[in-house]
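Remarks on the structure that follows.
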Amino acid sequence: MSEVAGGSLPRSDSSVAMESSPPSSSTSSPPPSPSDGPRRLTVTQLEQLKVEEEVFEIYRILRGIAPHTQSFMLELWRDTHIEFLTRGLGLLGPSYHVLDANRPWLCYWIIHSIALLGEPLHSELEDSVVEFLSHCEV
Numbered sequence: 001m002s003e004v005a006g007g008s009l010p011r012s013d014s015s016v017a018m019e020s021s022p023p024s025s026s027t028s029s030p031p032p033s034p035s036d037g038p039r040r041l042t043v044t045q046l047e048q049l050k051v052e053e054e055v056f057e058i059y060r061i062l063r064g065i066a067p068h069t070q071s072f073m074l075e076l077w078r079d080t081h082i083e084f085l086t087r088g089l090g091l092l093g094p095s096y097h098v099l100d101a102n103r104p105w106l107c108y109w110i111i112h113s114i115a116l117l118g119e120p121l122h123s124e125l126e127d128s129v130v131e132f133l134s135h136c137e138v
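Residue numbers (the UniProt record's numbering): 1 to 138.
Shown next, in the form of structure tokens:
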């Protein structure tokens, strides 16, 4: 079990039963309060906890290493990241037009990541993103 925000949460390899949250609607009951007892986590929440624990372990290991040694252990694969991000933007096909409310945010975060890496967008890709976003207008 992991300690998170003062309470114990099951790990993803735990045998604790899981159930999905019911879909929200205007007639649904209010969200559970801490006094309602233990809350069952969804598969997604358990996977998120698993990732957080893995990242925490990496930070724990790096914290115990001298700074000059850390620089040898940490390496940004810039070209690989740019390729991955660019590929993500290139997948903005017609099936995504207006159907997925998250796609404009994904575009934003991908473009922001590319900008942080100091890479310009190719004009073809930029035009593709602008066209995709124009279909998302309300």
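Backbone N, C-alpha and C define an ideal beta-carbon position, used for all residues, glycine too.
These numbers were taken from a predicted model, which means no experiment stands behind them.
> Apart from the five residues just before and just after C107, which ones in its own chain have a Cβ nearer than 8 Å to its Cβ?
Replying inline: As a position in the sequence shown, residue 107 is number 107, starting the count at 1. Hits under 8 Å: L89, L92, V129, F132 and L133.
> Would DSSP call R60 helix, strand or coil?
Replying inline: By one-based count along the sequence shown, residue 60 stands at place 60. Reduced to three states, the DSSP call for R60 is helix.
> So what does DSSP say about S39, is it helix, strand or coil?
Replying inline: The residue you call residue 39 lines up with position 39 of the sequence shown. In the sequence on display, residue 39 carries Arg and not Ser. It is coil, neither helix nor strand.
> By the 10 Å Cβ neighbour count, where 16 or more other Cβ atoms means buried, how is L41 classified, buried or exposed?
Replying inline: Within the sequence shown, numbered from 1, the residue matching residue 41 stands at position 41. Label assigned to L41: buried.
> What is the rounded straight-line gap between the Cα of R87 and the Cα of L121?
Replying inline: Within the sequence shown, residue 87 is the residue found at index 87, counting from 1. Within the sequence shown, residue 121 is the residue found at index 121, counting from 1. Going from the Cα of R87 to the Cα of L121 covers about 12 Å.
> In angstroms, rounded to a whole number, what distance separates the CA positions of A66 and M73?
Replying inline: On the sequence shown, residue 66 is found 66 positions in, with the first residue counted as 1. On the sequence shown, residue 73 is found 73 positions in, with the first residue counted as 1. If I take the Cα positions, the gap works out to 11 Å.
>> Let me check understanding here. Comparing Cα to Cα, which of F56, T44, Y59 and I111 lies closest to L125?
In response: Within the sequence shown, residue 125 is the residue found at index 125, counting from 1. Here the closest residue by C-alpha is I111.
> Taking DSSP as the reference, what is the three-state secondary structure of G118?
Replying inline: Indexing the sequence shown from 1 puts residue 118 at position 118. In the structure shown, G118 sits in coil (DSSP, three-state: anything other than H, G, I, E or B).
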